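Numbering (my numbering), first residue to last: 467 to 862.
See below for the structure under consideration.
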Amino acid sequence: MEFKIDKALPNGLGRIGTIKTAHGEIKTPAFTAVGTGGEVRFISMEELHALGAQAMLSNCYHLRNKAAEIAEAGGLAKYSGWNGPTVTDSGGFQVMSLGDGWGKKVAMTRELGVKINRDEGDKCHAVVTEEGVEFTDPESKEKDFIGPEESMRIQCQIGADIHMAFDELTSFDKDHDQSAESLARTERWAERSLAEHKKHCDDLGYHQNLYGVLQGGRWEDLRRSTAKKLGAMDFDGYGLGGALEKENLGEILRWCTEELPFEKPRHLLGLSHPDDIFIGVEMGADTFDCVAPTREARHGKIYTRDGNINLRKFTGSTEPLDHDCDCATCRAGWTRGDLRALWRSGDVEKKVQYWNLASIHNVRFSVRLMEEIRQSILDDRFEEFKKEFLTRYYGE
RNA sequence: GCUGGAAUCGUCUAGUGGCAAUGACAAGAGACUGUAAAUCUCUCGCCUUCGGGCUUCGUAGGUUCGAGUCCUACUUCCAGCA
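Structure follows, in structure tokens:
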């Protein structure tokens with residue numbers, strides 16, 4: 467994989483660039499739309515291309531039983547109909563979401579996640595050992611063992627352009643020693659991932675890349691040492707992952723990116739709120755992915771340049787979703803009142819239409835933010851743009 | 001006209017003589033960041049110094065220590081018979 471840095475920020479960490487994959491280019495920074503199961507919920511591939519998305523991220527765990535079928539079809543890009551650059555996560559997120567994080571919402575602060583009060587009977591669906599993780603599918607209850615080798619073999623069958631090494635994401639309540647222990651395991655898994663990946667990375671007739679994933683929680687010594695260690699290994703790029711505390715996000719990322727080789731691309735895993743994006747870009751992240759734009763759209767939150775709105779409050783409103791948006795939904799003239807009515811309708815077809823229209827809008831918001839950040843860097847006005855955007859978005 | 005049944009928070013609904021009284025929907029507030037997420041949490045009679053106080057189950061009486069619940073009358077609605 468080729469990564470060209472087009473221009474760097476004066477701070478020596480942030481940059482814009484171009485990633486070349488077997489399925490096309492990604493101009494960075496870029497928001498990778500999340501299509502966990504091989505499709506972005508309620509957005510067609512045509513719509514996804516039209517809104518300017520450059521890549522799609524899917525998940526090894528969710529596609530594990532379809533991997534052979536996907537390989538048969540020629541890989542994820544063809545199988546999904548996306549026909550563009552793709553990324554897969556290793557299943558590392560599910561180590562947390564199905565394990566320690568079971569029964570809670572993912573939290574970005576150290577306070578315990580909000581309990582979600584569902585399926586309280588079964589405590590843990592991911593048991594970690596040195597070899598790997600025994601997952602229990604929450605739906606089917608089927609058990610799967612996935613370790614670094616399994617994840618690499620599955621990802622190489624799925625055949626995304628960029629894969630993630632198999633890692634262990636931990637929750638926020640881990641102390642330094644627990645984090646260090648988990649991190650050491652993730653590092654051993656990184657070596658195993660790299661070795662196994664090399665055996666299969668050209669199996670589908672094009673080259674597939676592997677990113678090493680940096681964990682280490684909120685501890686500087688752990689973050690720096692793992693960045694040095696994995697940074698010296700033969701990865702094609704790096705995933706910035708783990709329990710990223712919102713209030714210390716910039717510092718945590720700095721510890722990582724100061725130690726990583728500058729010329730390799732970095733993917734900031736799982737973040738998309740504008741404040742996080744600006745910090746990410748500033749600290750040298752190149753690509754991003756996040757479920758928030760689509761999930762929050764489904765839950766009635768609409769992104770606007772003047773802050774997010776909750777559609778519940780706009781019964782009968784004739785106001786546009788966002789006064790300054792070029793997405794297909796806004797261009798077609800849908801109003802807040804229209805969408806509110808569709809969203810709260812008892813009719814499933816109307817709800818599906820709402821999910822489609824709102825998801826397109828929010829994903830376009832995230833994609834466009836990236837485009838504008840890139841342009842602001844080209845124009846030497848990143849700081850000004852950041853201040854303008856965040857002031858307007860979050861208010862004074 | 002007669003007989004039987006029914007009236008409970010916006011709507012539908014649970015309710016054994018014993019705590020403003022069930023559940024669902026609607027409504028309101030919040031959450032959501034590598035998708036267990038078409039989800040979750042909270043509020044939903046009035047007031048509150050959060051201890052509690054006050055007023056409520058069609059209307060008016062009654063029995064009872066105590067009534068949404070039992071009794072009487074009335075009102076309205078439904079069903080059956082004339």
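C-beta atoms are modelled at their ideal positions from N, C-alpha and C, and glycine is treated no differently.
Everything numeric in this text was worked out from a predicted model, so none of it was measured.
Mapping DSSP to helix, strand and coil, what is residue i?
| i | result |
| --- | --- |
| residue 829 | helix |
| residue 505 | coil |
| residue 786 | strand |
| residue 578 | Bear in mind that a pLDDT of 49 at residue 578, under 50, signals an unreliable position, so the number given afterwards is only what the model happens to contain. Three-state result, residue 578: coil. |
| residue 517 | coil |
| residue 760 | helix |
| residue 540 | coil |
| residue 483 | strand |
| residue 596 | coil |
| residue 836 | helix |
| residue 572 | coil |
| residue 488 | coil |
| residue 687 | helix |
| residue 801 | strand |
| residue 524 | strand |
Applying the criterion that 16 or more other CB atoms from any shown protein chain within 10 Å of the CB defines a buried residue, is residue i buried or exposed?
| i | result |
| --- | --- |
| residue 674 | buried |
| residue 844 | exposed |
| residue 689 | buried |
| residue 556 | buried |
| residue 811 | exposed |
| residue 825 | buried |
| residue 852 | buried |
| residue 595 | exposed |
| residue 814 | exposed |
| residue 860 | exposed |
| residue 578 | The predicted position of residue 578 is uncertain, since its pLDDT is 49 and thus under 50; a value taken from the coordinates is nonetheless stated next. With fewer than 16 Cβ atoms within 10 Å of its Cβ, residue 578 is classed as exposed. |
Would residue i and residue j qualify as a contact pair, given that the criterion is a beta-carbon distance under 8 angstroms?
| i | j | result |
| --- | --- | --- |
| residue 489 | residue 531 | no |
| residue 835 | residue 820 | no |
| residue 665 | residue 703 | no |
| residue 632 | residue 655 | yes |
| residue 733 | residue 677 | yes |
| residue 759 | residue 822 | no |
| residue 552 | residue 524 | yes |
| residue 636 | residue 648 | yes |
| residue 590 | residue 565 | yes |
| residue 622 | residue 669 | yes |
| residue 833 | residue 483 | no |
| residue 692 | residue 629 | no |
| residue 708 | residue 681 | yes |
| residue 697 | residue 727 | yes |
| residue 803 | residue 770 | no |
| residue 699 | residue 660 | yes |
| residue 562 | residue 712 | no |
| residue 740 | residue 855 | yes |
| residue 662 | residue 651 | no |
| residue 542 | residue 503 | no |
How about residue i: is its Cβ closer than 7 angstroms to a heavy atom in the ligand GTP?
| i | result |
| --- | --- |
| residue 557 | With respect to the ligand GTP, the structure offers nothing, as it holds no ligand at all. |
Can you list, in chain order, the stretches of the beta strand (DSSP E) that have 3 or more residues and sit fully within the stretch 696-758? 703-706, 732-734, 753-756
Check whether the stretch 588-599 touches the stretch 610-624, counting contact only when three or more Cβ pairs, one atom from each stretch, lie closer than 8 angstroms. yes
Would you call the stretch 489-507 and the stretch 751-759 in contact, with 3 or more CB pairs under 8 angstroms? yes
Ordered list of alpha helix (DSSP H) runs contained in the stretch 542-568, each at least 4 residues: 542-546, 558-561
Can you give, in chain order, each stretch of the beta strand (DSSP E) that sits fully within the stretch 614-661 and has at least 3 residues? 628-630
Would the stretch 532-547 and the stretch 558-575 be scored as touching if the rule is three or more Cβ pairs under 8 angstroms? no
I want to know whether the stretch 467-480 touches the stretch 786-798 - three or more CB-CB distances under 8 angstroms. no
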